[in-house]
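Please read the structure below before turning to the comments.
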Amino acid sequence: MKKLSLLSLLWCLMLQIALGQNQKVYSTKQVSETISIDAEIDEKSWGKVKWEGNFIQTEPENGSKPTFDTQFKILYDQKHLYVAIRAFDNHPDSIVVSNKPRDFFDGDYVEINIDSDYDKKDAFSFTITAGGIRGDEHIKTHENWFNDWNPNWTAKTKIDDKGWIAELKIPFSELEVYDKKEHWGIQVNRSLERLDEGSSWTSIPDEDKWVEYFGLLTGIENIPITKSFSFKGKIESEATQKDFKDLYNSLVSSYPSLYRYHSEDFISNNYDKVLQALKEDMTLLDFYKTVSSFVSKIGDGHMRVELPDHFMKNYYSSLKKLPFKLNVTKDIVFVSENYSKNKVLDGAQVISINGELVRNIVDDIAKIIPSDGHNLTGKYHRMSYDFDFYYSLLTGFLDEVKIDVLPKGQEKVHTVTLPLLIDAEIEKMKSDSNESYKSFDYSVKNNVAIMTIRTFNNAEGFKGFVDESFKKIAESNIKKLILDFRGNGGGDETNAIHLYAYLTTKPFKYYDRYEMNVQPNTKIDQESTLVSYETLNFFSEVTSKDTMGRTIISDLEPLRGRFLNPSEWQKPIEKHNFTGQVVALIDGGSFSATSEICAIIQRDKRATLVGEETGGTFDGNTSGIYDQITLPKSRLKVKIPLIKYVMDSDGASYNFGRGVLPEYQVSYMHGIDQPLDFAINYLNN
141 MKKLSLLSLL
151 WCLMLQIALG
161 QNQKVYSTKQ
171 VSETISIDAE
181 IDEKSWGKVK
191 WEGNFIQTEP
201 ENGSKPTFDT
211 QFKILYDQKH
221 LYVAIRAFDN
231 HPDSIVVSNK
241 PRDFFDGDYV
251 EINIDSDYDK
261 KDAFSFTITA
271 GGIRGDEHIK
281 THENWFNDWN
291 PNWTAKTKID
301 DKGWIAELKI
311 PFSELEVYDK
321 KEHWGIQVNR
331 SLERLDEGSS
341 WTSIPDEDKW
351 VEYFGLLTGI
361 ENIPITKSFS
371 FKGKIESEAT
381 QKDFKDLYNS
391 LVSSYPSLYR
401 YHSEDFISNN
411 YDKVLQALKE
421 DMTLLDFYKT
431 VSSFVSKIGD
441 GHMRVELPDH
451 FMKNYYSSLK
461 KLPFKLNVTK
471 DIVFVSENYS
481 KNKVLDGAQV
491 ISINGELVRN
501 IVDDIAKIIP
511 SDGHNLTGKY
521 HRMSYDFDFY
531 YSLLTGFLDE
541 VKIDVLPKGQ
551 EKVHTVTLPL
561 LIDAEIEKMK
571 SDSNESYKSF
581 DYSVKNNVAI
591 MTIRTFNNAE
601 GFKGFVDESF
611 KKIAESNIKK
621 LILDFRGNGG
631 GDETNAIHLY
641 AYLTTKPFKY
651 YDRYEMNVQP
661 NTKIDQESTL
671 VSYETLNFFS
681 EVTSKDTMGR
691 TIISDLEPLR
701 GRFLNPSEWQ
711 KPIEKHNFTG
721 QVVALIDGGS
731 FSATSEICAI
741 IQRDKRATLV
751 GEETGGTFDG
761 NTSGIYDQIT
771 LPKSRLKVKI
781 PLIKYVMDSD
791 GASYNFGRGV
801 LPEYQVSYMH
811 GIDQPLDFAI
821 NYLNN
């Protein structure tokens, strides 16, 4: 073994002093030998580095010695980081192996967390279960572990007489290495399910500072830096065409709703048009807009195309944006929040920007925003939140704009010249007096109970709010109710069912079926698709063909607690059941689970719907379990939903591919809540 120079020894000593005596350090080596990912750990190169162990129990007794030891090794070459983890176990026949989709952390597992830019703030987590199921998360804070991040990496596991072993291969491109660092932060964890035991390489005295307590990985030298995307630099056409073909092939082979709202010929023709456009080199932004336009034509509001994180960080720090928010409807566009010093803009209707009619700008932006089916209100709702961002995407880097507006209460058009500002400047101009956002609210106005429900998520105390609200309604003997679903982007369907169970006295059906795009009982190889092979293989085992030849989820036992059984009738809630009149307020922000309950309400004629068409379609949506693929060359990320939910629409009359349509179309205008006023008057007359 090569001896350390005096300078190297001094550096290591100074490093230990600077970082604290208790911080662990692992030194890796670069290799040129090909490492096969087979969980054998038999290449000679693995002998160049030592096994590292001495893990510390984190659960159930933080700081204690684990029941079984865990050890790891790390190597690297010019493109990849290699990790071997040995999980010792005296009872290998008791190791819990679970077959689940990707990112389901069931059974025994090990993971490595990597802080590749060593900022001690965020990191990347790579998990592999004893059954060979991958999980991965982007750790942005100690509370926010984003598991919709699905990088391209490989791993294999094997159970033997010593326990089990995992071998991982992680491309440097997935670690977003943009600057050379002398060392990285790392943490290796293990979960032993049957003992409810967790252990880590380094101790974690304070989980609120999770990444700060990582150990050090040293020895990584002379690796290629991940390409940093420039705003105006172009990507070669060969690369963009390869990325787009990979995306299209992944959709054809895995996505269940590619032809839900359009014919196969329509989708295929648009695919050909994109390939033709990609014959020219283009910037990353232009490629993003091209891909987004194609995805938008599919008709799925749950599908997303996102720019790379590093690109967006630089983009937001330098991109200049409009200093106001707009409310976009099918009829007019007006300023909803004004951060500029020009008060003429307060509530003003926008006519044009830089001489172009705002309606034309809205139509151009709508082309790159996905929504369900043939719906437009969902696009307008999303545009209302991010018009400034989308406008900058279309126009590039402007310093100022000239806007023609019709001030609120006036009849003469004013022309206003405004400087565009970066996000940091806009944040300083925002008022602190804005009303705080409430997920739920209950009030009574003119003898009408109003339940405002902005989410169906579990984490917000949903069922407690609903139960308490109907109790109040019953105790007050109120016979008229408004359900305000505007801006509710959805959540857990069981919460929507819980709410509807108070509104009906009869058992009711919710879903008709769940469809998938897999071949039942057919395994795929992990190299054949960008979509997670674990997820597709799992669903191939729980699906079958129905009498119509559709692939549906038929075995719901492995998904118990996560999926309803479509064949089961849902029961009404008898205590405090409400049988009075109901009006539901809806708009383009009423999406996913919200559109679902609105469809059931309209199917059963249980309420009068007021407002705008919902952003989600009547017939269902595609969501549930997602896979976010990263296009290898451009690094664009595409979030693909994998389960096609079909509503039980028996007896309903609706327009296929459209949202749930209101009986009374009323829009929110210029700070006046016309839909709510209309609903109260409607119920009281």
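Be aware that the sequence shown starts at 141, since it is given in this note's numbering, and climbs by one per residue.
Where a beta carbon is used, it is the ideal one built from N, C-alpha and C, also for glycine.
C-beta contact flag for residue i and residue j at 7 Å
{"i": "Ala295", "j": "Ile225", "result": "no"}
{"i": "Gly601", "j": "Ala733", "result": "no"}
{"i": "Gly756", "j": "Phe731", "result": "yes"}
{"i": "Ala179", "j": "Lys298", "result": "yes"}
{"i": "Ser480", "j": "Pro463", "result": "yes"}
{"i": "Leu459", "j": "Ser524", "result": "no"}
{"i": "Thr354", "j": "Gln327", "result": "A small correction: the amino acid at residue 354 is Phe; Thr does not occupy that position in the sequence shown. Closer than 7 Å, so yes."}
{"i": "Phe529", "j": "Leu466", "result": "no"}
{"i": "Val351", "j": "Asp449", "result": "no"}
{"i": "Ile783", "j": "Ile765", "result": "yes"}
{"i": "Phe596", "j": "Asn635", "result": "yes"}
{"i": "Gly720", "j": "Lys646", "result": "no"}
{"i": "Ile692", "j": "Asp686", "result": "yes"}
{"i": "Ile310", "j": "Trp293", "result": "yes"}
{"i": "Leu823", "j": "Val588", "result": "yes"}
{"i": "Val806", "j": "Phe818", "result": "yes"}
{"i": "Thr754", "j": "Ile726", "result": "yes"}
{"i": "Tyr520", "j": "Val468", "result": "yes"}
Backbone secondary structure at residue i - three-state DSSP
{"i": "Trp186", "result": "helix"}
{"i": "Asp405", "result": "helix"}
{"i": "Leu356", "result": "strand"}
{"i": "Ala295", "result": "strand"}
{"i": "Tyr804", "result": "strand"}
{"i": "Asn628", "result": "coil"}
{"i": "Tyr258", "result": "coil"}
{"i": "Asn329", "result": "strand"}
{"i": "Pro698", "result": "helix"}
{"i": "Asn389", "result": "helix"}
{"i": "Glu608", "result": "helix"}
{"i": "Gln161", "result": "The predicted position of Gln161 is uncertain, since its pLDDT is 48 and thus under 50; no value can be drawn from it."}
{"i": "Phe451", "result": "helix"}
{"i": "Ser458", "result": "helix"}
{"i": "Ser730", "result": "coil"}
{"i": "Arg499", "result": "helix"}
{"i": "His278", "result": "strand"}
{"i": "Asn202", "result": "coil"}
{"i": "Ala263", "result": "strand"}
{"i": "Arg444", "result": "strand"}
{"i": "Arg743", "result": "helix"}
{"i": "Asn661", "result": "coil"}
Extent of the continuous alpha helix (DSSP H) to which residue i belongs
{"i": "Asn230", "result": "Here Asn230 belongs to no alpha helix (DSSP H), and DSSP marks it neither H nor E."}
{"i": "Gly518", "result": "Thr517 to Thr535"}
{"i": "Thr595", "result": "That residue, Thr595, is in no alpha helix (DSSP H); it is neither H nor E in DSSP."}
{"i": "Phe826", "result": "The structure shown does not extend to residue 826, since the chain spans only 141 to 825, so no value can be given for it."}
{"i": "Lys568", "result": "Asp563 to Met569"}
{"i": "His638", "result": "Glu633 to Tyr640"}
{"i": "Thr675", "result": "Tyr673 to Val682"}
Nearest-angstrom Cβ-Cβ length linking residue i and residue j, presumed shorter than 8 Å
{"i": "Val833", "j": "Val545", "result": "Absent from the model: residue 833. The displayed extent of the chain is 141 to 825, so no value can be given."}
{"i": "Pro772", "j": "Asp217", "result": "Actually they are not in contact, since the Cβ atoms of Pro772 and Asp217 sit about 18 Å apart, beyond 8 Å."}
{"i": "Leu776", "j": "Tyr395", "result": "About 16 Å; that fails the 8 Å criterion."}
{"i": "Ile812", "j": "Asn586", "result": "Not confirmed; about 17 Å, so no contact."}
{"i": "Thr669", "j": "Ser397", "result": "The Cβ separation is near 17 Å, so there is no contact."}
{"i": "Val671", "j": "Ile769", "result": "6 Å"}
Continuous beta strand (DSSP E) stretch holding residue i: start and end
{"i": "Ser763", "result": "Gly760 to Thr770"}
{"i": "Ala819", "result": "Counting along the chain, Ala819 falls outside any beta strand (DSSP E), though it belongs to the alpha helix (DSSP H) covering Gln814 to Asn824."}
{"i": "Leu215", "result": "Thr210 to Tyr216"}
{"i": "Gly811", "result": "Gly811 -> no beta strand (DSSP E), and no H or E assigned at all."}
{"i": "Gln489", "result": "Gln489 to Ile493"}
{"i": "His554", "result": "His554 to Pro559"}
{"i": "Lys649", "result": "That residue, Lys649, is in no beta strand (DSSP E); it is neither H nor E in DSSP."}
{"i": "Val351", "result": "It is not in any beta strand (DSSP E) - Val351 carries neither H nor E in the DSSP assignment."}
Does the stretch 244–252 come close enough to the stretch 268–284 to have 3 or more Cβ pairs within less than 8 Å? yes
Using 8 Å as the threshold, is the stretch 626–641 in touch with the stretch 677–697, meaning 3 or more CB pairs across them? no
Can you find at least 3 beta carbon pairs, one from the stretch 508–518 and one from the stretch 436–444, that sit closer than 8 Å? yes
Taking 8 Å as the threshold, find out whether the stretch 552–568 comes into contact with the stretch 760–774 through three or more Cβ pairs. no
I'd like to know if the stretch 640–655 and the stretch 711–721 are in contact, where contact means that at least 3 CB-CB pairs between them fall below 8 Å. yes
Is it a yes or a no for the stretch 334–342 touching the stretch 383–393, going by three-plus beta-carbon pairs under 8 Å? no
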